[in-house]
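Shown next, in structure tokens, is the structure this report addresses.
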Amino acid sequence: MLDRSARVTLAVLTVAFAVFFIAPFAGLVERALDNGRTFDLMTGETARRALILSLWTTSATVILAVVLGTPVAYLLARTHFRGKAVVDGLVDLPIVLPPTVAGVALLTAFGRRGLLGEPLEEWFGLRLSFSTAAVIMAQLLVSAPFYVRAAKGGFEAVSPRLEAVAYTLGASRTRTFFRVTVPQAWPALLAGVVLCWSRALGELGATLIFAGNLEGRTQTMPLAVISAFEGTSPGLSGAIAYSLILLAVALVLLTAFRLVASRASPAA
Amino acid sequence: MHWLGAGVPMLAILAAAFLGASCGDDERGPAEAPTSVSRETASPSAAVDPEIKGNITVFAAASLADAFTAAGEGFEAANERVSVTFNFAGSSALATQINEGAPADVFASADTAQLRAVAEEDGVDAQATFATNLPVVVVPAGSDTIRTFGDLAHSGYSLVLAGEDVPIGRYARQILANASVAGGLGAGFSASVLANLRSNETNVRAVLAKVQLGEADAGFVYRTDAASVADEVDVIEIPPEFNVVAQYPIATLTGSGNPDAAAGFVQFILSDEGQAILAEFGFGPPRKN
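From first to last, the protein sequence lines stand for chains P and U.
Counting from 1, position 198 in the first sequence corresponds to residue 198 in the numbering used here; the numbering is continuous, with no gaps.
Each number in the numbering used here comes from the position in the second sequence (counting from 1) with 1000 added on.
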């Protein structure tokens, strides 16, 4: 099927790719093992609080993305209207936006002098910036589009005829959606959740600007990494130790997702 | 699939480039080490050498961004064959980058600790203090939440500082500690102030931005930062008995690939012309010790 030069090419490309992607992680691990303080830093208070905050805020972000994003994705997959391409583009926009800009944009909208932030504070005394809610909002803005995109693709792949059959059999729209559409689109939805969660876990720029950086309240794992890196104590060794935690958590959870996904649809 | 045939030679090139890049890294030290040419020009008393040329990269504290950009233009005007590239960030981040091999020729830090960190790891030549700066408290323009230094002890407002390892963040905490004495503002002053802390920013400009935007009710920055956005923030002076004077040291780095031009830049900063530019942006002259 493949001739010799094709196989050699494939092998060389694969090795080059593997070296390029594995080397940075290997570098981190090598540095971490070299440093006697790594273990103390990884089990320290800063790391613990940042990890807990990261885990629960990203979970909240994913839940919000699914609750708010699924209807949008379904509508975009099932309806056709003039200017739909523009709406599609708008949904994808935060993917392109540099996270720093996303953070500034959030401030201009929800900051104390923002479009919505000012009335919110005036009427309800609600102040979002520098709060854990701001962390979740920053994560949601940059990560939800990944879920919506994947979910939309999943819904588009479900034949409207299947839904029509369910309706003729007397199933309600809601029942059809949850019993027919969602199970059919499940692998895509799950992939969207994984993408969304991964992006939220790594979110740094928007959070730093909109939510600030305070241990236990808004300092997620990526912010702990950048704070360590920009400081002298623990400095670079801290940044590396915290990065390792982030990578380990991501690896465990991504693998778990894969296993769930392969259970859900052995064909995928 | 005959396109693969064309792919093979291209791959070889890619692979060569990849290997070349990795080898180059190992050779970086000796290759870039200057062949010890006339280091005497590093002496601050010497006149600017008319022969200097090429590019230099200056790593400078975030608070120096405006002043050094102007000084860089002055230096390039005086030395037409030299071009200066700046990298502005928190001094501590710059120190880490230099120690990790970032190609810098000159390092200007907002405190001596960061320069020392670089000196210990990488080595510096010709170190000198070139400017001083005073921390101040800034509040959003027209805000009446905080009106005096003592008001900082109130509760229920948002205070933003730079992190404890960023020079201005360390100075801020030192100032609060200085004020927390009997005869000062009381032993509990610092703790009451820090109870309002909402964020540890990674550099002074980020602190300023949060106050400018009105997100924070108060922040500690340098006088020069406050002056750069005078319409958007009000300045509250810190009582001199509690305040600290920030000393800015500058040095050429031992690993510089263009030590003559690097020394020329340091000389320019220390010269009357350079000092006049710094003064324009609100920096004080270096204190003689």
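A virtual CB, placed ideally from N, CA and C, is assigned to each residue, including glycine.
Here the structure is a predicted model, which is why all the values come from computation and not from measurement.
Per DSSP, glutamine 1247/U is one residue of the beta strand (DSSP E) stretching across 1246–1253.
Leucine 1194/U does not reach chain P, its nearest Cβ partner there being about 11 Å away, counting only Cβ pairs nearer than 7 Å. The region 1165–1216 of chain U contains, as complete beta strand (DSSP E) runs of 3+ residues, the segments 1197–1201 (chain order). Excluding five sequence positions before and after serine 54/P, the CB atoms of its chain that fall closer than 7 Å to its own CB belong to Leu201, Thr220 and Met221, given in chain order. Close partners of threonine 1096/U in chain P (Cβ separation under 7 Å): Phe229, Gly235 and Leu236. Collapsing the DSSP output to three states places glutamine 219/P in coil. About 7 Å separates the beta carbons of alanine 1216/U and arginine 1198/U, which is inside the 8 Å limit, making them a contact pair. Of the residues assessed, arginine 258/P falls on the exposed side of the cut-off, its CB having fewer than 16 other CB atoms within 10 angstroms. Among the CB atoms of chain U, one or more fall inside 9 Å of the CB of arginine 113/P. In terms of beta-carbon proximity, alanine 1172/U stays away from the interface with chain P, with every pair separated by 9 Å or more. Taking a Cβ-Cβ cut-off of 7 Å, the neighbours of serine 1158/U in chain P comprise Phe130, given in sequence order. For tyrosine 1222/U, the beta-bridge partners assigned by DSSP are Pro1135/U.
With a threshold of 9 Å between beta carbons, glycine 1214/U makes contact with chain P.
With contacts defined as CB atoms closer than 9 Å, glutamate 1273/U and glycine 1074/U qualify as a contacting pair. Taking C-beta atoms as the reference points, alanine 1067/U and proline 1249/U fail to come closer than 9 Å.
If you look at threonine 168/P, you'll find it in the alpha helix (DSSP H) that goes 160–168. Inter-residue distance for phenylalanine 1189/U and histidine 1154/U is about 10 Å (C-alpha atoms, whole angstroms). Annotation: the region 26–57 of chain P contains the following complete segments of the alpha helix (DSSP H) (minimum length 4 residues), in chain order: 38–42.
In the structure shown, glycine 202/P falls within a helical segment according to DSSP collapsed to helix, strand and coil. With respect to serine 172/P, leucine 41/P sits apart: the two C-beta atoms are not nearer than 9 Å. Collapsing the DSSP output to three states places threonine 1057/U in a strand. Residues of chain U with a Cβ closer than 9 Å to the Cβ of threonine 218/P are, in chain order, Arg1198 and Ser1199. In the same chain as alanine 32/P, and ignoring 5 residues on each side of it, the C-beta atoms closer than 7 Å to its own belong to Thr38, Ile240, Ala241 and Leu244, in chain order. Runs of the beta strand (DSSP E) spanning 3 or more residues and lying entirely within the region 69–126 of chain P do not occur at all. The beta carbon of leucine 107/P falls within 9 Å of a beta carbon belonging to chain U, placing the residue at that interface. When Cβ-Cβ separations below 9 Å define contact, glycine 170/P makes no contact with chain U.
Alanine 1209/U places its beta carbon 9 Å or farther from that of isoleucine 1146/U. The Cβ of glycine 1163/U sits closer than 9 Å to at least one Cβ of chain P.
Chain-ordered listing is empty here: chain U has no CB closer than 8 Å to the CB of isoleucine 136/P, the nearest sitting near 16 Å. A distance of 9 Å or more separates the beta carbons of asparagine 1079/U and threonine 1224/U. Under DSSP, isoleucine 245/P takes part in no beta bridge, so it has no partner. Counting the other Cβ atoms within 10 Å of the Cβ of serine 1092/U gives 16 or more, which makes it buried. Below the 9 Å Cβ cutoff, chain U contributes Leu1197, Arg1198, Ser1199 and Asn1200 as neighbours of leucine 214/P, in chain order. Taking C-beta separations shorter than 8 Å and ignoring five residues to either side along the sequence, the partners of threonine 132/P in its chain run Leu53, Thr57, Ala211, Arg217 and Thr218, following chain order.
Between the region 183–203 of chain P and the region 139–157 of chain P there are three or more C-beta pairs closer than 8 Å, enough to call the two in contact.
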